[in-house]
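Student:
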Amino acid sequence: MLLNQFLFLAAVLFCIGVYGVLARRNAVLVLASIELMLNAVNINLVAFGAYRHNIAGQVFALFVITIAAAEVGVGLAIVVLIFRNRASIALDDADLMKG
Amino acid sequence: MLGFPVLTALIVLPAIGAALVVAIPRTRPEIVKVVALAVSVAVLVLACYGLYEFATGTAGFQFVSRHVWIKQWGISWHLGIDGISLFLVVLTALLFPFALAGSDAHHDVKAYTAWMLVLEAGCLGVFLALDLFLFFVFWEIVLVPMYFLIGGWGYEGRVYAALKFFIYTMTGSALMLVGILALVFIHAGHTGHLTFDLQTLAREQSFSGSTARWLFAAFAVSFAIKVPIFPLHTWLPDAHTEAPTAGSVILAGVLLKLGTYGFLRFGLYLFPKVSHDLAPLLLTLGVVGIIYGAIVAAVQRDLKRLIAYSSVAHLGFIILGTFALTTQGVQGGIIQMVNHGLSTGALFLLVGMIYERRHTREIADLGGLQKVAPVFAGVFMLVMLSSVGLPGLNGFVGEFLVLIGTFISRRWWAVVAATGVILAAVYLLWAYQRVFHGVPEGENLKFPELRWREGAVLAPVLALIVFLGVYPKPVLDRMEPSVRTLVERVDRQAGTHQPSVAQGGHR
Amino acid sequence: MIAAVAQVQPGQPLQLPHVDWVTIGPAGIFFVGGLAMLLAGVFLRRRVPRGLWSGTTVVIAVLALWPAFHLWHQIASGGARTAIADAVVVDGFSIFIDVVIISAVVMAALLTDGYLRRENLEGTEFYVLMLFSASGGMLMASANDLIVVFLGLEILSIALYTLAGFQQRREGSQEAAIKYFVLGAFSSAFFLYGIALVYGSTGSTNLGVIADFLRTNSLTNGLLLGGFALLIVGLGFKVAAVPFHMWTPDVYQGSPTPATAFMAAVAKAAGFAALLRLFVSTFNTYRLDWQPIVWALAVLSLLVGSVLAVVQTDVKRMLAYSSIAHAGYVLVGFQTASNRGVAGALFYLFAYAFMIVGSFAVVTLVSGRGDTDASLDAFRGLSSRRPALAFVFTIFLLAQTGVPLTSGFLAKFYVISAAVEAHSYALAIIAMIAAVIAAFFYLRLIVVMYMAAPAAEGEEAAPTARIPIAVGAGMSLTIAVGFTLVVGFLPASVFDFARHATLLKL
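Chains as they are written, first to last, in my numbering: chain U, 1 to 99; chain S, 100 to 606; chain D, 607 to 1112.
(1) Based on DSSP bridge pairs, tell me the residues matched to Leu382/S.
(2) Find out if the Cβ-Cβ distance for the pair Ala1005/D, Met961/D is shorter than 8 Å.
(3) With Ile42/S and Ala412/S assumed to form a contact (beta carbons below 8 Å), what rounded beta-carbon distance in angstroms separates them?
(4) Of all Cβ atoms in chain U, is any one closer than 8 Å to the Cβ of Phe792/D?
(5) Residues of the segment 1047-1059 of chain D in Cβ contact with chain S at a cutoff of 7 Å, in chain order, please.
(6) Between the segment 807-825 of chain D and chain S, which residues of the former have CB atoms less than 7 Å from a CB of the latter, in chain order?
(7) The alpha helix (DSSP H) that contains Leu837/D, what's its start and end?
(8) Please classify Gly179/S: does DSSP put it in a helix, a strand, or coil?
(9) Report all residues from its chain with a CB closer than 6 Å to the CB of Ile635/D; omit the five preceding and five following residues, and keep chain order.
(10) Quick check on the burial criterion: 16 or more other C-beta atoms within 10 angstroms. Buried or exposed for Lys1111/D?
(11) Tell me whether Ile690/D sits in a helix, a strand or coil according to DSSP, three-state version.
(12) Taking Ala710/D and Val872/D to be in contact with their CB atoms under 8 Å, please state how far apart those CB atoms are, rounded to whole angstroms.
(13) Would you mind sorting Lys572/S into buried or exposed? The rule is 16 or more other CB atoms within 10 Å of its CB.
(14) Near His439/S, which residues of its chain fall below 6 Å by C-beta distance, leaving aside the five closest residues on each side in sequence?
(15) Would Leu937/D be called buried (16 or more neighbouring beta carbons within 10 Å of its own) or exposed?
(16) Considering only C-alpha positions, which residue in the set Pro855/D, Tyr799/D, Ser793/D, Thr888/D is nearest to Gly842/D?
(17) Just the C-alpha distance for Val353/S and Gly790/D, rounded to the nearest angstrom, thanks.
(18) What residues of chain D sit near Glu579/S, judged by a beta carbon separation below 8 Å?
(19) Using a Cβ-Cβ cut-off of 6 Å (strictly less than) and excluding sequence neighbours within five positions of Ser485/S, which residues of its own chain qualify?
(20) Is Pro855/D near Ala926/D, with beta carbons less than 8 Å apart?
(21) Would you tell me roughly how many angstroms separate the C-alpha atoms of Ala397/S and Lys356/S, rounded to the nearest one?
(22) Evaluate contact between the segment 647-664 of chain D and the segment 714-725 of chain D, counting only Cβ atoms and requiring at least three cross-stretch pairs below 8 Å.
(23) Could you pull the DSSP bridge partners for His339/S from this structure?
(24) Mind listing the chain D neighbours of Thr294/S? Cutoff is C-beta to C-beta under 8 Å, in chain order.
(25) Cα-Cα, which of Phe738/D, Val804/D, Val638/D, Leu727/D is closest to Arg775/D?
(26) Taking 8 Å as the threshold (beta carbon to beta carbon), is Asp983/D in contact with chain S?
(27) Taking Gly939/D as the reference, which of Asn945/D, Thr768/D, Ala951/D has the closest Cα?
(28) Could you please give me the residues that DSSP links to Arg165/S through a beta bridge?
(29) Below 8 Å between beta carbons: does that hold for Leu1109/D and Arg946/D?
(30) Since Val969/D meets chain U, which of its residues come closer than 7 Å, beta carbon to beta carbon?
(31) Take Ala867/D as the anchor and find which of Asp818/D, Ala967/D, Ala1104/D has the nearest alpha-carbon.
(32) Helix, strand or coil, according to DSSP, for Ala1098/D in the structure here?
(33) Looking at chain D, which residues of the segment 166-182 of chain S have a Cβ within less than 8 Å of any of its Cβ atoms?
(34) Could you check what DSSP says for Pro623/D in three-state terms: helix, strand or coil?
(35) Are the C-beta of Tyr721/D and some C-beta of chain U separated by less than 8 Å?
(36) Is any beta-carbon of chain D found at less than 8 Å from that of Gly156/S?
In structure tokens:
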């Protein structure tokens, strides 16, 4: 089975996600990048599950999808809250606290 | 002996006193002092009872009280007293009522008195503990009340001095904790049972030479900071100068002794071989401390700071005596601890009185006080001569024994240290001359004479200074067996490897 | 659960595993209690007696103690076991963490009552989120499957993100929420990646199976080690270990203070529970590979946390950095991978929960309406305004410094002794040096409270406003101080509790 290709793809997607979180200022894009990271891991899980002939990987991926949905729900709620207050969703604006 | 736990009571009583003081309403500060004095005098009575019941001529621990505290860790409430700790306990019990009666807090009397009593409990705990864990607990606990006393009731630079004191001492104890734990776990690794009991650990020496060296170093740094030994002494002048009068009295009289006592009880007793091997280093540092302390004291302009530096010199003598590793030297060291507690404690109290009268400690601002306050000057003179080591007063006995003890085993160190005695005379007499001689001018003309109450507080200490100078035998008799056992133990352990040097120690 | 599902062949009816409810009793009671409160809150929106919700939360938490005790006795007589198709484990370790979390919830709930009234945020939501979050933490502690660990982590975290942003109108709180969310989700993804790699290299998500596999096979490829590293990164974020600590000061400072207290105690306990179970128990055979990493994390956390705390002027922020240093001490216990180390880490977490909730409770009271001012100046002269509060805070600070006769000293003593026993002398010494550095800023706070000089010209005068102490906050403080002192004097029973709270041997 072609395991390595999947792992490579997942790693690349994950890294793109990491880059997105670190480099993007827009909160929604940051959320999307986090989604990308989680889904990259899903590819990993499913690929390993298939490679090992083991269903646990796929089950896990389902759990992750569910949780990711919940997480993004909360995340968007927070972003909306901030937008209402400041009319901006640029993360760099949120820097009241320093030290 | 009625089975009454004297030693436990010695620690618990001041702690209860502190709780009582806290419970007194804020509006009645006058009761606070009465309660505190009553408690501390009760402690003194108990300590004297211990002194009276103490069996002279035995080396082992007496009045032992032992209760399991944390079973799985082999930690117990283990207290005991022997000839080494006996007089330090009595000294502590004596100096606390002395300090409490001799000076007043300027504000918040309640908290001040409560901290003093907590401090007393902690100090007595350190001298009585025979369990390493218990010892460490008391050792650390002492820091807190002292920190608050310096920081809360001291002079201008108090916050800085308090912080410096705390950080310095805590650094030392941090290392000591690692040392204690290493010692305990190495022992547990060899024997299979975990115990913090001092006697067991000392009996079953279960570490090799190089390990012992590291362990000793961990303990020694902590003690050396507390003493303080020469390069680690820089916290002392600040803490002493900025502390309130009672704080200085206790700091000099009792707290510094914790370090020297630690060397005897934990350094020499637990690590006899290493103590012997490293003695030259510590002796050298002791001698450097004597000379350095004396020289720096001589150039001080602040009277209190001068006495603080004189402490560095005096403590150098104690270290010298301790690491001479001869019976005379160690005995001299212990008696010098008591002497230094009495004379420096009294000196700090007198300086405190001067400050209260004149609101300055600058030597240059004072002068001619002998004319206006002859009794005060006389008392100061007596205490100062005791500090100098004049024959007939207690200081002489200690310094003489230390020098003899050192001369037996380490001749050259004794010779150099002896010059310190001369230097001490120089800086103290010079200071006396500048403060008390001459013609009083300005404010100094109105310098009030010693009051009756002050005299009553000082009288017992003055009596002891003379008594110990004339007739030190009862004290020496009681500490001799314990000291000899300790010194023989060191000789035996070290002698197996270096017989020629060890024999030099016997006489 | 997963193991059972994995064996199902196509076409056969699904065999559901037997669910032994009591094994997830504490977490279950929290979860169901939270749901019930959420519903009740909808119907009883108005006119509830004061303190009803906080009281209910406390009752729920105390109720959860009952299955915990029951299980503890079961373990004492019958030994540790796994349950629900090996998905959860019942051992002394999980019960201990449950008790830590329950204590933190009780104190935080009592504290929250007065806080919500002060901020006009009354309602059930804060408590419900706290209960959910705590149930996630408990699930993490008793998880025996990577999926359950992940579920627990997410339940814990998502509720915490919301708690951090609970003060919707205050910008600091929003900022804390978004920062915590982004970095938390980010770290969850790393954690998940780690799980995937471990799963890929061992073929199972069940911790028991993984441990067996690792014992019988020696893996040499980087997949597993990469998995370890990513798991440490993910959980390192949760417990705020350096270098994964960047979020901590901002989030601790910005969140509503009771939420900070809760977060500090519970998230740390749960994160360490997962770390200890995964590494000390499951990956024990590979400890020579992960110990150096943990060693480095411990040293960095200790030193960076202590040093950076010294320069802070905001007390909440300072406590945040000090909590990073505290994580370092727990890591010291963790690093030894010994029974004593685990017990020490547990004891530390227990003692820490009381100290930190107590400390933040004081900050809650002092910082005043809107959490506006937690600067050092707000504490100036506290001893004359509120002597009792200043005294209590002093006890917490001294306990965190590690002064004897407080639980904090024994906690440090325990982990350091574990390190010494494992011959990690260098680590023990570094930990003690960090304690000295830490003493510096704890003392600075005490100085401000007790020894503050009258304000010099140009300086702001010390605040004089009266500080109201709500009943709940008072109770919370009493519990915290009581524990800190009583355990400081008589630690034997709690030492025993920690010593018997061993991990199930896999």
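Heads up, the beta-carbon is just placed ideally off N, CA and C, and yes, glycines get one too.
Tutor: In brief:
(1) In the DSSP output, where bridge partners are listed per residue, Leu382/S has none listed.
(2) Yes, the pair counts as a contact, with Cβ atoms nearer than the cut-off.
(3) This structure cannot speak to residue 42/S, because chain S is shown only from 100 to 606.
(4) Yes, contact with chain U.
(5) For the segment 1047-1059 of chain D, the set of residues with a beta-carbon nearer than 7 Å to any beta-carbon of chain S comprises Leu1049, Val1053, Tyr1056, Met1057, in chain order.
(6) Taking 7 Å as the Cβ-Cβ cut-off against chain S, none of the residues of the segment 807-825 of chain D qualify.
(7) Looking at the DSSP string, the run of the alpha helix (DSSP H) that includes Leu837/D is 828-845.
(8) Under the three-state reduction of DSSP output, Gly179/S falls in the strand class.
(9) For Ile635/D, where only same-chain residues beyond five positions count, the Cβ hits under 6 Å are Leu669, Ala670.
(10) By the Cβ neighbour-count rule, Lys1111/D is exposed, with fewer than 16 other Cβ atoms within 10 Å of its own.
(11) Here Ile690/D sits in coil by DSSP.
(12) Val872/D and Ala710/D do touch by the CB rule: their CB atoms are close to 5 Å apart, below 8 Å.
(13) Exposed, since its Cβ has fewer than 16 Cβ neighbours within 10 Å.
(14) Cβ contact annotation for His439/S (same chain, cutoff 6 Å, sequence separation greater than five): His413, in chain order.
(15) Per the 10 Å Cβ criterion, buried.
(16) Ranking the options by Cα distance to Gly842/D, first place goes to Ser793/D.
(17) Straight-line Cα distance between these residues: approximately 54 Å.
(18) Around Glu579/S, no beta-carbon contact reaches into chain D at under 8 Å, the shortest distance being about 34 Å.
(19) Counting only Cβ-Cβ distances below 6 Å, and skipping sequence neighbours, we find Ser442, Leu492, Asn493, Gly494, Ile564.
(20) Annotated as proximal: Pro855/D and Ala926/D, with beta-carbon spacing under 8 Å.
(21) Answer to the nearest angstrom: the Cα atoms are 24 Å apart.
(22) Output reads yes: the segment 714-725 of chain D touches the segment 647-664 of chain D.
(23) In DSSP, His339/S forms no bridge with anything.
(24) Simply none; closest approach about 13 Å.
(25) The option with the nearest alpha carbon to Arg775/D is Leu727/D.
(26) At a cut-off of 8 Å between beta-carbon atoms, Asp983/D makes no contact with chain S.
(27) Put simply, of Asn945/D, Thr768/D, Ala951/D the residue whose alpha carbon is nearest the alpha carbon of Gly939/D is Ala951/D.
(28) Arg165/S is bridged by DSSP to His177/S.
(29) Contact flag unset, no.
(30) Going along chain U, no residue has its Cβ under 7 Å from Val969/D, so there is no contact; the nearest lies around 15 Å.
(31) Ranking Asp818/D, Ala967/D, Ala1104/D by Cα distance to Ala867/D puts Ala967/D first.
(32) Helix.
(33) Cβ contacts with chain D come from Trp168, Ile169, Lys170, Gln171, Trp172.
(34) DSSP, read as helix, strand or coil, puts Pro623/D in coil.
(35) No, because no Cβ of chain U sits closer than 8 Å to the Cβ of Tyr721/D.
(36) Interface residue (Cβ-Cβ distance to chain D less than 8 Å): Gly156/S is not classified as such.
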